[in-house]
Structures are given as C-alpha cells and as structure tokens.
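This report refers to the structure that appears directly beneath it.
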Amino acid sequence: MMEKTFEAAAVEGRIAARWEQEGAFRAGRADRADAAPFCIVIPPPNVTGNLHMGHALNNTLQDILCRYWRMKGRDVLWQPGTDHAGIATQMVVERQLMERQEPDRRAMGREKFVERVWAWKAESGGAIVAQLKRLGASCDWSRERFTLDAGLSRAVAKVFVQLHREGLIYKAKRLVNWDPTFQTAISDLEVVQVECKGTFKWSRGDGAPLDETALGKALAKDPNGHLYYFDYPVVDGRGEETGEVLTVATTRPETMLGDSAVAVHPDDPRYRHLIGHKVRLPLVGRLMAVVADEYSDPEMGTGAVKITPAHDFDDFEVGRRHEAEGARQINILDAEANISLKGNLAFFEGLEAADHELARLLASVDGFDRFEARKRIIVLMALEGRLQKIEPHQHMVPHGDRSNAVIEPWLTDQWYVDAKTLAQPALAAVRESRTRFVPRNWEKTYFEWLENIQPWTISRQLWWGHQIPVWYAPWGEIYVEETEETAYARALADGVRRGALSAREAERLSAEPTRLAATFPRDPDVLDTWFSSALWPFSTLGWPEATKELERYYPTSVLVTGFDIIFFWVARMMMMGLHFQHEVPFRDVYIHALVRDGKGAKMSKSKGNVMDPLDIIDGVTLDALIAKRIESIANKAEAAKVAADTRREFPKGIPALGTDALRFFLAAMAAQGRDVKLSLSRIEGYRNFATKVWNASRFAEMNGCVRVVGFDPDAVRAPLNRWILGEASKAVAETSEAIEAFRFNDAANSVYRFVWSLFCDWHLELAKPVLQGGAEGPERAETQATIAYVLDVVYALLHPFMPFVTEELWTIKGEDGPPRAGVLALGPWPRADFAIDRAAEAEIGWIIELVSEIRSVRSEVGVPAGAQLTLTLVQASSSVARIVEAWGDTIKRLARIVRLEFAETPPAGSLPIVVRDALAALPLGGIVDIEAEKSRLDKEIARERQEIAKVDAKLANPDFVARAPEEIIAEHHERREASLSRIAKMEAARSRLDQI
RNA sequence: GGGCGCUUAGCUCAGCGGUAGAGCACUUCCUUGACAUGGAAGGGGUCAGAGGUUCAAUCCCUCUAGCGCCCACCA
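When we follow my numbering, the leftmost residue of the first sequence carries the number 3, and every step to the right adds one.
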C-alpha cells in the first residue's frame with residue numbers, strides 16, 4: 003500500500019543511488035554503441051561556488067534535455083566539471099589565511115601557497131558537485147574534470163604555445179586595467195562601470211580658502227564624482243609665463259603628475275592661438291605642448307584636456323599621435339603601492355624643474371594611496387593658486403567586478419590574445435548558422451561584441467592558475483614551450499649556439515634544477531581563468547589526445563548558459579573551438595535568463611534576498627533563513643531590515659518542497675527571453691502536482707490497474723480509453739516538440755495539463771463507474787490496463803522535469819504486472835503515434851460538457867449539494883440516447899443525478915441544459931430560486947447574443963466574405979448556428995419559467 | 001550615445017493575426033471509498049497609449065509614455 007503523499011526527502015537519495023548503481027548516466031554505454039550521440043558540456047561552476055538559483059535553472063534545463071534525449075535512445079554525454087576560478091579561489095584561501103592569522107601568501111611563498119589552495123580544494127572544493135547531484139543532474143560523474151587537471155593543463159599549454167607560434171599570442175607594454183586590490187591586470191570584461199556623483203563644491207571666485215577638512219570628508223564619502231578645474235599657465239618661447247592660463251578640467255587630479263601635453267580641438271577658436279605654444283605644469287614645473295587633436299571635445303569641460311598617456315586609455319592614443327610634440331608616457335604608479343613615487347624622482351628624469359622645492363612638494367604625495375594623493379594634490383594646487391573650482395560631476399568610474407576597487411589604467415607588460423583574428427571564424431560560423439543562438443536575438447549581441455573586439459589581456463599576476471609556459475633567458479630570448487623540460491633543453495641548446503653558454507656550462511646547468519630555474523626564470527604570471535574555460539568543450543574530451551570521445555562527441559549538441567557569460571565564455575569557446583578543432587564547439591546555444599527574487603530584484607548577498615535552492619528542496623526555518631541572509635551584511639540597520647523583510651515574506655520559513663517541484667517550476671517559468679521571478683506559491687503548486695501524480699498512481703493501485711503483458715494501445719476498444727490514449731499521444735508530441743525547440747515552459751505546461759486536467763480530472767473520474775461499479779468484464783480489464791499504461795506514459799513524459807517522483811513511481815509500478823528491469827531514466831520515451839479517434843473524442847467531449855453544464859447549473863442556481871435530481875433528455879436523438887444509456891452511471895455519479903429520463907417536452911419548471919445539439923432538463927420546481935435561474939438564463943442569452951453580434955458584423959462585411967479563407971468563414975457560420983440554437987433552447991426555458 | 005527587452009486578470013507570468021489563458025490569491029459550495037498538498041462552481045481583462053497595415057490586430061509596422069538590462073573612452 004502506497005503512502006498518502008510522496009515524501010521527497012526520503013526518496014531522492016535512494017533514487018539517485020539507483021541511477022548511480024545502474025550507470026544510467028554513463029556516456030558510451032555498450033547498449034548505445036550504435037546510437038546517435040547527444041552531448042552537453044556543463045558550464046563549469048567555480049570550485050569555490052555554492053549552488054544558487056542560477057545554477058538550479060541552468061542545470062535543470064540541461065538535465066531536461068539530457069534526460070529527454072537519453073530516453074529517446076541517444077548516447078548522452080553530459081560532461082561535468084568545475085573551474086579553478088583564479089581570482090575567486092585565491093581570494094577565498096587568502097581570506098582563510100588571514101582569519102586563521104597565518105602568514106599571508108607573500109610570506110608563505112608561491113609553491114607553498116599553491117599547495118595550500120590545492121589542499122583547500124581537496125577539502126571543500128567538491129561542495130558544488132554534491133549540490134548539483136541534489137538537483138538530479140544526470141551528468142556522467144565518472145568523467146568529472148577540473149580546469150587545472152593535468153590533462154586540461156596540457157591542453158592549455160599546447161594552445162598557448164601554438165597561438166604564440168602563430169603570432170596570435172604576444173606580449174606587449176600597454177595600458178591595462180589594473181586592479182589595485184588584487185594587484186593584477188584584468189580584462190575589459192572584468193571591469194564594470196559604476197556611476198559616481200559627488201556633492202562637494204568650491205570656487206576660488208568665492209574668496210573662501212579651500213577647507214581641507216571638508217574636502218577630506220567629502221572625498222572619504224565620494225572619492226569620485228567631482229570635476230576639478232586646474233589653471234595651467236601659458237609660457238612664451240623663453241619659458242616666461244605670459245599671464246594667460248589654460249584651464250583644464252579633470253576628474254583625476256592626482257594624474258596631473260603624469261601629464262605630458264594639453265589637447266585642444268583644432269577648430270576651437272578659444273584655443274587656436276595656443277596650439278604649438280607651451281604651458282607649465284604646476285607643482286612639477288614641466289613644460290608641455292598644447293597640441294591640436296580632434297579627440298578634444300569643445301563641449302566637454304573647458305574644451306582643453308590634459309593628456310596623461312600612462313594613466314588613461316584615450317590619452318594613451320593621443321600621446322601616441324603627438325609623441326613628437328613631447329606627449330609621452332609618464333608612469334606615476336608603482337606596483338606595490340597604489341600610487342607611489344617611492345621617494346625617487348626617476349620618473350621625472352630629464353624634466354626641467356626637478357629642484358628641491360619640487361622634491362619637497364612631491365614628497366608630500368609620495369607613497370600614498372591614490373585617493374590620499376588626490377587630496378594632497380588638490381590642496382597643493384589650491385595653495386599655488388592653480389585650483390579654479392571644484393564641481394560635483396556625474397561620471398562612470400571603472401571598478402573591478404570582483405574586488406569592487408576603482409580600476410587604475412596602468413602601463414605594464416602583459417600577454418595578449420589577438421582576439422580580432424580569432425573572432426573572424428567565430429563570426430562567420432554564427433552568420434552561417436553553423437551555430438545558432440536560441441533565442442535568436444542574442445546573435446546580435448554576439449556580433450556586436452566580436453566585431454568590436456579588443457585584444458584579450460590573458461596574463462594575471464596571481465598564483466592560482468595555469469602558469470604561463472614562457473621561460474626567459476639571460477640573453478633576452480624567450481622560450482615558449484609546453485613543458486619545462488623542452489623549454490630548458492631548447493634554451494640550453496640555443497645558448498650554446500649563440501655562444502652565450504659553452505657546451506660544458508650547458509651540460510652542468512642541465513644537471514642542476516635550481517640553477518636552471520634561476521637562469522631561465524619562468525614567467526610568473528598565470529592565465530585568465532577564462533582561457534582554460536574557452537577550451538572546455540574539447541579539453542574535457544581528452545584533447546590534445548585524439549580520443550574516441552573527442553571524435554564522437556565534438557561538436558557538442560547544445561550549450562545552455564546565461565546571457566551574462568556570452569562574452570566571457572561562449573564567444574571565446576567559439577574562437578578556440580574553431581581554431582583548434584576547425585569546427586564549432588556546439589550546434590545550438592540556448593541562452594536563458596536570470597532568476598530574480600519575488601519582487602524582481604536581482605538576488606545578491608549584499609541585498610540579503612538570495613534564496614538557496616537547497617532551502618526550497620529541504621525546507622528551512624525562518625530563523626535559519628534570516629541568519630543566512632544577514633550573514634554577509636555588515637551594517638546593523640540594514641541587517642535588521644533584511645530580517646524584518648524576510649519575516650514578512652516567509653513568516654513560517656520555507657516548507658520542504660522537494661527537488662522535483664523546484665525543477666518543474668524553473669522549467670515552467672523558463673519562457674524564452676524573460677527573467678524568472680521566484681514564486682514560492684508556484685513551487686508549492688508544483689509540489690502539489692507531484693502529489694497529484696502520486697495519488698493518481700495510488701488510485702490505480704487501489705483499483706487493480708496493473709500493467710498487462712503485451713498491452714496493445716492500438717487494440718483498445720472503449721471510447722473512454724481510446725480517447726485518453728489519443729490525448730496522451732498529443733501530449734507526447736507536444737512535449738517532445740517543445741523540448742526539442744527549447745520551449746521548456748510549453749513542454750512543462752503540456753505535461754501538466756495532460757496529467758491533471760485530462761487524465762486525473764476526467765479519465766480517472768469517468769472510469770470510476772467501470773472500475774468500481776462491480777461488474778467484472780472486458781471493459782473493466784481494458785480500462786485497468788489502459789490506466790496502467792497511461793501512467794507509464796505520464797511517468798516517462800514527466801521524467802525529464804520531475805525525475806525523482808517519476809522514477810519512484812515507475813519502480814513501484816514495476817512490482818506488479820510484467821517484470822521490468824533497469825530504470826525509467828533510460829527510457830523509452832513514449833509513443834506519440836496512436837490514431838486520434840474522432841468519434842471517441844466527440845463522445846467523451848459531449849459527456850464532459852454535459853457533466854460540466856449540469857454542475858454549473860446546480861451551483862449557480864444554488865441547488866443543495868445533496869439534492870436528488872432527475873435529468874430529462876428532451877427529444878433525444880438516437881445517438882444522444884445511445885451515449886446517455888452507455889454513460890448513465892457516470893453521469894449520475896459525476897453530476898449527482900439519481901434518475902435519467904427521456905421525454906418529448908421538458909417537464910414543467912425545469913432548467914435547460916444545452917450541450918451541443920442536445921437539450922436536457924433538470925426538473926427542479928420547488929428546490930430552486932426561480933429568479934436566480936431567470937437571471938442566469940438572461941446572462942447566458944446575452945452572452946450568446948453578443949457573440950452572434952460579433953460574428954454577424956464580420957459576416958456582413960463583404961471584404962471579409964470575399965477575402966478571408968473559406969474555413970474561417972465556415973467556422974463563423976457554425977459558431978453563429980450553434981449560438982442561435984443555444985439561444986432558442988434557453989429562451990424556451992426562460993418563457994416556461996415566466997409562466998410559473 | 002548605441003543596442004536589446006518588457007508593459008495581458010489583484011499578484012507572477014504564458015499566448016501572439018481569426019471565439020483572451022495558467023498558477024497563486026479571492027467568493028460560494030463539498031471531508032463521496034486516489035488526492036483538502038484535494039474536488040466543484042464563480043467573479044475578475046477597453047491585452048500601456050496613439051496612429052498605420054490587413055477582410056480581420058493583444059499579436060505585424062511607426063510613434064509616445066513608463067520600466068529593465070547590456071555595451072561605450074569622453075575630460
């Protein structure tokens with residue numbers, strides 16, 4: 003005897019173990035050797051990661067696809083794995099060192115630190131994988147990969163070396179986005195623009211001196227968001243100030259130390275006379291040219307812009323154009339400090355005014371953080387009388403996406419990928435639809451980015467990651483090799499050939515690893531995490547080995563991911579896949595949206611509105627939920643607010659709703675192009691759906707609905723059974739089609755409707771008299787067998803969405819009837835090819851309408867639920883009579899009728915029931931409120947009349963009749979006739995009521 | 001400044017050229033032998049606004065308003 007409800011918590015683990023034991027998710031199963039492959043590579047979550055709603059959505063959708071195709075008989079490989087996530091992971095471990103008050107990574111040294119990270123990974127890096135398993139993700143877990151695995155690392159090295167030899171990877175000294183917190187370069191994509199606007203105001207014209215304390219406070223609050231106007235004095239040919247000043251505006255006063263020119267627009271009448279003249283840089287004293295450059299926008303600031311090539315991307319370009327006029331890169335940054343002159347004036351080398359006074363001034367900004375230096379420069383400028391005014395100014399300030407620190411453009415040596423060259427095949431592949439985006443409109447975003455792509459900065463000044471395979475020799479040569487051994491060998495041989503080393507020296511060196519390493523130091527940088535991710539579709543399949551997996555599963559079938567990583571990941575996989583495999587990495591890219599909180603806000607820890615998928619699955623108490631949410635909120639007032647909001651939103655915490663309900667919710671809400679807003683009530687609704695399926699199965703069990711050997715759905719006779727098999731067929735077709743087109747919500751809804759609204763609400767209800775009416779017979783046996791069969795269809799159809807409850811039910815049902823082996827997860831997918839029996843459809847449809855109509859009349863007119871009613875069929879046609887005879891018991895039971903009669907005229911005082919062409923009557927005389935019935939009829943009649951008016955208006959339109967397709971016109975006529983006949987019947991009844 | 005998307009029932013969202021749908025919430029009724037995590041019935045929508053195309057527009061086009069996201073180097 004089955005339990006009354008499905009207990010997800012008790013079952014999920016057991017079911018997962020069965021799949022595992024069965025090897026159900028293994029790719030390349032022997033029984034599928036001849037099957038077509040279907041492959042998805044998982045977007046590898048960070049090893050540091052914790053399952054969030056985005057993962058839940060992403061993996062549910064992938065799992066639906068994998069389970070569907072697996073049931074359809076394909077050889078499915080869902081390739082799992084995790085990403086080493088350079089910055090994120092290094093951060094976690096560094097923080098851990100700090101918390102435990104252990105020496106920091108610098109003190110620890112590179113080797114020990116990296117060891118430490120590996121230890122951390124071994125200990126707690128697998129959490130995310132366990133969490134994915136909880137979701138039911140049917141990955142081939144035996145093939146799990148990690149981006150820093152030996153194999154994948156080899157792939158990375160090989161790719162680096164080859165691209166370098168092809169000139170597609172190079173080292174260059176350029177401005178990069180420097181993250182001062184992590185002390186590393188980052189790529190353009192890791193920079194986010196944040197709008198800043200300050201409030202501080204000051205003007206020299208007011209006469210008040212600059213209040214240093216107020217300035218300090220304002221800057222502490224809003225370090226950015228101000229525009230500062232500086233006066234740069236114009237000098238004549240002899241270096242004498244002419245008395246004229248050129249005013250420049252800047253948001254970054256501290257960079258003025260690195261100014262090397264001022265640019266004005268060539269056509270700007272205000273400044274044309276100054277072009278070619280010089281100005282003196284205050285504080286520093288350096289003379290700089292006023293250059294003409296169209297970059298300068300007369301509308302912006304003062305129209306004259308200071309040029310600081312080493313600290314601004316635009317200025318860098320301007321500097322290049324005007325190098326001859328003295329615009330050069332003057333680096334004021336130091337890698338160790340954010341801004342630091344470190345007491346040496348090396349960078350002023352050759353400058354005109356490096357006198358003692360200057361040294362004193364500069365010493366006052368030396369070694370300070372950028373924002374402190376900024377303040378000091380402002381004050382110095384004010385003291386010199388060169389600060390004209392300060393205004394609040396709204397502008398975008400670049401921040402590191404992980405550190406949230408203000409990014410500093412900084413001139414350094416870094417490694418770059420020539421993305422522009424690699425982008426061309428990636429663009430062509432999508433233009434030619436060799437890879438298609440779903441929804442299609444993301445292609446535009448993809449094109450836009452790739453068409454304007456910049457060189458990709460791939461070196462990171464971190465320790466956790468793939469170290470760049472480049473070795474430097476004392477003679478200036480570099481050796482780019484896949485392994486240390488080959489690099490040293492080549493370096494030594496080359497050294498000998500060049501005469502830099504004697505053969506004997508080379509031999510001695512090669513025997514001493516320490517000296518070797520010291521002589522040919524390896525590039526200390528590691529590669530951007532996304533560099534290895536870009537290889538994921540083929541590195542996980544064994545490349546650079548020519549494995550059979552690579553042969554079989556590449557290109558993969560589809561990639562499922564969020565729009566936020568189209569640039570980071572999708573585009574780069576396209577580039578690398580095409581370059582190294584000469585074939586796209588995936589045929590389709592399905593892009594899904596974001597999961598938001600109930601109000602539509604983006605979930606974030608700092609907002610305290612995140613929802614842990616496992617809390618929905620397993621349930622969580624209010625207190626635990628609050629504790630989790632306020633954990634990372636430092637501000638007490640804010641934490642209290644989050645707690646109060648949470649208490650209001652989830653007064654009782656969250657009940658355990660199970661994985662299946664969460665998954666079904668995510669699928670049902672995954673309409674293309676729209677974000678998913680979390681709705682607990684909706685998830686509860688789907689938990690109820692699982693219960694419904696459970697209870698339908700329980701009903702089957704209680705009514706002897708056991709699977710029958712050799713049950714042939716095509717041989718079924720009873721209209722009721724033929725009807726539901728036809729409907730099942732339609733549902734299977736709809737669901738399959740929707741899944742294959744990535745319309746997950748349509749697929750989910752189609753299953754939902756079939757199971758609940760058709761099978762449970764009608765088929766099982768209509769079958770009750772047969773099952774429970776007492777008479778054994780072929781019809782009962784057939785109905786029992788059909789129900790058992792349809793339930794199997796239901797389990798299969800629903801399995802991709804709700805794998806646990808369906809696998810459990812399938813197993814339970816396997817205990818009776820013909821034995822079956824294996825697991826539901828391996829299929830088969832149900833048939834969708836039963837003939838639709840129109841006659842059965844009409845018959846069942848009529849019964850459904852009749853019962854609904856009777857119920858409706860009863861309810862609206864207020865017939866007491868227990869009233870014993872007779873239904874009279876008026877002038878019944880022979881076919882109506884036959885159907886009514888056949889379904890008498892059912893009608894009685896479902897519509898609560900005690901007697902069925904036939905008559906030529908409706909009994910006095912009866913209420914009409916109009917079903918298609920048939921008229922029935924409920925003789926209610928005394929029991930009913932006549933006035934209520936009159937108004938019900940009036941309402942019905944009015945509704946029909948309105949309908950007719952609409953149809954008539956169309957039919958009266960000659961253009962409509964002339965131009966609309968015939969079947970549309972015919973349909974309108976039919977509708978009109980049907981309405982007229984209903985009106986006639988109801989009006990007749992209405993007039994009879996009037997006589998009472 | 002470019003690009004993309006959204007605006008449909010109280011809420012959250014489907015639909016998308018030919019009779020407006022779902023879940024939740026709401027109202028009324030029902031503890032009948034699958035299921036109260038249930039059943040039955042019902043109320044509720046000028047499909048943001050204005051034009052246009054069409055025999056026909058919630059759906060296609062244009063504009064307007066509001067909201068959101070992405071990209072962009074503007075002092």
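Glycine residues also receive a C-beta, built at the ideal position from the N, C-alpha and C atoms.
Among ALA958, LEU134, GLU101, nearest to ALA18 - alpha-carbon criterion: From the listed residues ALA958, LEU134, GLU101, the smallest Cα separation to ALA18 is found for LEU134.
Which residues DSSP lists as bridging VAL807, in chain order: BP columns for VAL807 are empty, so no partner.
PHE588, enclosing beta strand (DSSP E) - first and last residue: 588-594
DSSP three-state assignment for LEU177, whether helix, strand or coil: strand
Which of helix, strand or coil DSSP assigns to VAL708: coil
8 Å Cβ cutoff met for LEU773 and ASN705: yes
Own chain, CB closer than 6 Å to GLN396, minus 5 neighbours either side, in chain order: LYS199
Length at least 3, wholly inside the region 468-549: the beta strand (DSSP E) runs in chain order: 472-474, 480-482
Sufficient close CB pairs (3 or more, under 8 Å) joining the region 295-308 to the region 236-250: yes
Spatial distance of TRP21 from ARG462 (CA atoms): 42 Å
Range covered by the beta strand (DSSP E) that runs through ILE915: 912-917
Cα-Cα separation between ARG589 and LYS422, rounded to whole angstroms: Rounded to the nearest angstrom, the two C-alpha atoms are 22 Å apart.
Under 8 Å between C-beta atoms of LEU424 and LEU170: yes
Cβ shell of GLU703 (< 7 Å), same chain only, five flanking positions each side left out: Its chain contains MET4 as the residues whose beta carbon lies nearer than 7 Å to that of GLU703, once the 5 sequence neighbours on both sides are disregarded; these appear in chain order.
Alpha-carbon spacing of ASN179 relative to PRO526, whole angstroms: 19 Å
Meets three-Cβ-pair contact criterion under 8 Å: the region 717-726 and the region 843-854: yes
Beta-carbon separation (whole angstroms), LEU537 vs ILE89, contact threshold 8 Å: Wrong, their Cβ atoms sit about 19 Å apart, outside the cutoff.
Proximity test, ASP794 beta-carbon vs the ligand COA heavy atom, cut-off 7 Å: As for the ligand COA, it is missing from this structure, which has no ligand bound.
First and last residue of the uninterrupted alpha helix (DSSP H) at PRO615: Taken as a continuous stretch (DSSP letters only), the alpha helix (DSSP H) holding PRO615 covers 615-620.
Start and end residues, beta strand (DSSP E) containing PHE1075: Residue 1075 is absent from the structure shown; the chain starts at 3 and stops at 998.
Alpha carbon of LEU596 to alpha carbon of LYS377, nearest angstrom: Answer to the nearest angstrom: the Cα atoms are 41 Å apart.
For LYS654 and LEU624, believed in contact at Cβ under 8 Å, the rounded distance: 7 Å
Supposed close pair GLN428, LEU452 - CB separation, criterion 8 Å: Here the sequence assigns Ala to residue 428, which means Gln is not the residue at that position. Sure, about 6 Å apart at Cβ, within 8 Å.
Same chain, Cβ closer than 8 Å to ILE885, neighbours up to 5 away in sequence not counted: GLU845, TRP848, ILE849
Beta-carbon proximity of ASP1021 to GLY775, cut-off 8 Å: Outside the shown range of the chain, which is 3 to 998, sits residue 1021, and nothing can be said about it.
Among GLU767, MET258, PRO802, ARG118, nearest to THR785 - alpha-carbon criterion: GLU767
Limits of the alpha helix (DSSP H) - the one that ASP647 falls within: 638-651
Segment limits, beta strand (DSSP E) that includes VAL796: Run containing VAL796: none in the beta strand (DSSP E); it sits in the alpha helix (DSSP H), 780-800.
Proximity of VAL163 and GLU483 at Cβ, strictly below 8 Å: yes
Buried versus exposed call for ILE950 [16 or more other C-beta atoms within 10 Å across all chains shown]: buried
Meets three-Cβ-pair contact criterion under 8 Å: the region 494-503 and the region 473-482: yes
Cα-Cα separation, PRO211 to GLY127: 57 Å
According to DSSP, residues forming a beta bridge with PRO394: Checking the DSSP bridge columns, you'll see PRO394 partnered with HIS228.
Counted within 10 angstroms of its Cβ, other Cβ atoms place ILE130 as buried (16 or more) or exposed: buried
Burial state of SER606, where buried means 16 or more other Cβ atoms lie within 10 Å: exposed
Those runs of the beta strand (DSSP E) which lie wholly inside the region 233-277 and span at least 3 residues: 243-252, 263-266
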